[in-house]
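Protein chains in written order, with the working numbering: chain A, 7 to 161; chain B, 335 to 524.
Glycine is no exception: its CB is placed at the ideal position from the N, C-alpha and C atoms.
All figures in this text were calculated on a predicted structure; none of them were measured in a lab.
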C-alpha cells in the first residue's frame, strides 16, 4: 500500500487533461485510495456538466432594450435642446452685435433708386439660394458615404 | 466559429449599431444573454436586483460600445462588464465575493427535510445545492469553466484575474464540492 498519495490538484489536472504525466497513471493503477478519489472527481465533473444552465423568468432582451431606448431618447432630446439653445444664443448675439450697424446699412439703400435696390436684393437672394443648394448637395453626398457603404468593416 | 469569424461578425454588428441602428443592439443582447445570465444569476439571488443589474450591464455596454476595440470577442467584453458590475453590486452590499466556505457545509443537510432529502438523491440536484452554497466567485468560475466551457484565458479576460489564480480557485471549489457531496452521501447512509 502506498503511503504517499496524489494531491487533489494533481488528480483534477489529470482528469481535465491539464497535465500528462505517466507517473500519475502508474500510481493510479496501484493506489486504490487515489483511484477512488479520482473517480469521485470524475463523478463530480460529469455531474457539473449535466447541470442545466439557468435562465431568468423575465425577458432580458425586452427589458434591456426598453432601458436603452429610453436612454437614447433622453440623449437625443438633450442633444436637440443643446443645438437649439446654442442656435438661439448665436442668433441673439449676432443680432445684438448688428443693431448699431443697421441704420448705416439702411442709409446706403435710401440714397439709391428702387431699381438698384431690387437688383441688389435679387442678386443677394440668388447667391443665397445657390449656397443653400450647394450645402444640401454636399450634405446628401456625405450622408450617403457615411451611412450606406460602411457595413464592410476594415479588417 | 474561429476567432476571426467572431471578430468579423462582431465588427459588422457594432458598426451597424454605431451608425444609428439602436435596434441592432437586440442582436448583441440575444447573443450574450446566456453568458451574462450565468454570471449575474450565480452571484445574486434577488430577482429585482437581477433585473436592475441586467439593465445596467447592457446600458453600460451600449454607452461604451464606441470604445470597444475588438481586442477580444464582444461577448467576452460584455461578460467583463457584467462581472465588474455584479462585483460592484456585491461590494456595495458588503457581500464577500470569496467568502470562507466551509469545506463541509453543516447547514447543507441540517436544513433539509428528511423526506425531501431522500427524494432529492439525484446527483445533479445534490450538486446544484452544493454549488449554491459556494462563494459567489467560485460559483461563477465553476459555471464559466464547466457549463459555458470557456478556456481559462477567456475567463481571465472576463474576471481580470490571472489564469493561475483562476486555476487555484477552481481547484478549491471542486474540493469543496466533492467534500460536500461525500458528506451528503455519508449522512444519508447513517
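Residue environment for residue 401(B): exposed (fewer than 16 other C-beta atoms within 10 angstroms of its C-beta).
By the Cβ neighbour-count rule, residue 514(B) is buried, with 16 or more other Cβ atoms within 10 Å of its own. Assigned with DSSP and collapsed to three states, residue 40(A) falls in helix. For residue 427(B), there is no enclosing alpha helix (DSSP H), as DSSP gives it neither H nor E. Secondary structure remark: continuous alpha helix (DSSP H) runs of at least 4 residues inside the segment 69-135 of chain A, in chain order: 108-116. The criterion of a C-beta distance shorter than 8 Å is not satisfied by residue 424(B) and residue 496(B).
Cβ contact annotation for residue 483(B) (same chain, cutoff 8 Å, sequence separation greater than five): none.
Here residue 500(B) is near residue 486(B), since their CB atoms are less than 8 Å apart. In terms of Cα proximity to residue 24(A), the closest of 504(B), 512(B) and 353(B) is 504(B). In chain order, 60 and 62 make up the part of chain A whose C-beta sits under 8 Å from the C-beta of residue 375(B).
Within its own chain, the residues whose Cβ lies closer than 7 Å to the Cβ of residue 11(A), once the five positions on either side in sequence are excluded, are 37, 39 and 40, listed in chain order.
The shortest C-alpha to C-alpha distance from residue 458(B) to any of 147(A), 51(A), 14(A) and 87(A) is the one to 51(A). In the DSSP annotation of this structure, residue 22(A) is not part of any alpha helix (DSSP H), being labelled neither H nor E. Contacts with chain A at 8 Å (Cβ-Cβ) do not include residue 394(B). Per the coordinates, the alpha-carbon of residue 493(B) lies some 28 Å from the alpha-carbon of residue 26(A).
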